[in-house]
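Asker: To convert, take the position in the sequence shown, counting from 1, and add 14; that gives the numbering used here. Positions of the beta carbon are idealized from the N, C-alpha and C atoms, including for glycine.
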Amino acid sequence: MTVGESGLGKSTFLNTLFQTDICEATIPLIEHTGVTIQSITCALEEDGVRMLLTVTDTPGFGDRCDRTNDLKPILQYIDDQYSAYFEIESGMEKRQPSNQHDTRVHLCFYFIAPHGHHLKELDIVALQALSSHVSVIPLIAKADTLTHQERAAFKEKVSMDLKENNIRVYPSDYPDKNRSDLPSECALPFCVIGSSDMMMVDGKQVRGREYSWGTVHVENPAHSDFFTLRSMLMDHLLHELGDVTHNVHYSSYRTKRLRKELRQSRPDSLLPCDDDYDARLTTLRSDLLSEMASKEDKITQEYLEKVKAAETRLYSWEQELTRKKLQLDEELHHQHSLLEQTRLMLDQEDNYNNQWKIKSKHNHH
């Protein structure tokens, strides 16, 4: 998901990140009617790994004078995806989550305008709300409008604002003991550039921007943090995004929803002063959580069984290929032996013929 004011290059950035044109740039309208949610799903392949990617844009955010309600449709969309997954997971729909395309939002890029001295109030409020629902990576847009000194100073100020306002950002505020150490360059926020233009640099086609004063190469670390960001995501974090979403944000949503349903399920005839109320409520909560844990264990076990079955099939195929290779090697060796025997026989026959010719010639004389 991308969130940010219009004109910050969100669509171009995504096209650059995934190295394909999956988003069309939207032209801001003069009359803003509010925030809309636009999603597109496409199949991508990265280093031989195919993935189904859903990109969600939020045009209209921050474009009106009254921005009070700009966050509501965005947060509602995120929660709606959690709700759909919850209904499947809890058996309200006769499907298994593992068999369905996961529509939950796993990552939100929040775009910050590259001007000013600190985060704007809108940015602080939006980041606080979004970070409680989804993993957020803040990006300073259009890094090519800043000098090296301005970039460093603005990044430091934004970083201070994030800490002072207790805004949780990904991945620095999501420790994972299984995660490999990230490069020191992966310090948030990132200053990025996007471009749909291709140009030749050192004999290679690269994305960049050409100005009267020179050329900006998108993946040049001296020009922006784009290369560092892409490497961090693709090489270190891509596999864990789903786990963070499920174990942190979706888990929080599910807990709140279960508590709400528990409160709503309280009998009208049960008075607040009923001594048995707390005990019954605790038992009901425990039963529901136990049921959810059991279903999670069942899904995990089914997944492990499928993996084990796939590994068994692969092992059988490997054994069969090894057997066929040995058989072919043996046949090849046999054919080679026959060929060698034939060659020896022909050599012997040639020797015999030569000797006979010499002997015949000698007798003739």
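In angstroms with no decimal places, state the Cα-to-Cα distance between L272 and E19.
Answerer: Spanning the two alpha carbons is a distance of roughly 35 Å.
Asker: Between A127 and V206, which are expected to be in contact by the criterion C-beta below 8 Å, what is the C-beta distance as a whole number of angstroms?
Answerer: Not really, about 13 Å apart at Cβ, beyond 8 Å.
Asker: Per DSSP, E224 is paired with what?
Answerer: DSSP lists T229 as partners of E224.
Asker: What residue range does the beta strand (DSSP E) around Y124 cover?
Answerer: Its beta strand (DSSP E) spans residues 122-126.
Asker: Would you mind giving the Cβ-Cβ distance between D239 and F204, rounded to the nearest angstrom? I have them listed as a contact below 8 Å.
Answerer: About 4 Å; that satisfies the 8 Å criterion.
Asker: Could you tell me the distance, in whole angstroms, from the CA atom of R182 to the CA atom of V262?
Answerer: Distance between the alpha carbons of R182 and V262: 12 Å.
Asker: Let's see if you can read the secondary structure: which residues bound the alpha helix (DSSP H) around D137?
Answerer: 135-145 is the span of the alpha helix (DSSP H), which, as asked, contains D137.
Asker: Quick check on the burial criterion: 16 or more other C-beta atoms within 10 angstroms. Buried or exposed for R221?
Answerer: Flag for R221 reads buried.
Asker: Go through its chain and collect everything with a Cβ distance to I54's Cβ below 6 Å, but skip five positions before and after it.
Answerer: V69, listed in sequence order.
Asker: With DSSP as the reference, please indicate the residues paired to V69 in a beta bridge.
Answerer: Note: V69 sits in a beta bridge opposite I54.
Asker: Nearest to D35 by CA position, among G256, S209, N234, is which residue?
Answerer: Looking at the Cα atoms, S209 is the closest of the given residues.
Asker: From the DSSP secondary-structure annotation, give me the bridge partner or partners of E305.
Answerer: For E305, which the question treats as bridged, DSSP gives no partner whatsoever.
Asker: Which same chain residues, not among the five before or five after G256, have their C-beta less than 8 Å away from its C-beta?
Answerer: Within the same chain, G256 has close Cβ partners D116, H120.
Asker: Work out the CA separation of T314 and E305 for me, nearest whole Å.
Answerer: In a straight line, the C-alpha of E305 is about 14 Å away from that of T314.
Asker: Within the continuous alpha helix (DSSP H) that includes L390, where are the two ends?
Answerer: Residue 390 cannot be examined here, being either before or after the span of the chain that is shown, 15 to 379.
Asker: Can you find the residues in the same chain that come closer than 6 Å, C-beta to C-beta, to Q52, ignoring five residues on each side of it along the sequence?
Answerer: Cβ neighbours of Q52 beyond the five flanking positions: D71.
Asker: Kindly indicate which three-state DSSP category F204 falls into: helix, strand or coil?
Answerer: Of the three classes helix, strand and coil, the one that applies to F204 here is strand, per DSSP.
Asker: Classify A323 as buried or exposed, calling it buried when 16 or more other Cβ atoms lie within 10 Å of its own Cβ.
Answerer: When all chains shown are included, A323 counts as exposed.
Asker: From K134, L335, T159, P189, pick the residue whose C-alpha is nearest to that of L176; which is it?
Answerer: Among K134, L335, T159, P189, the Cα nearest to that of L176 is on K134.
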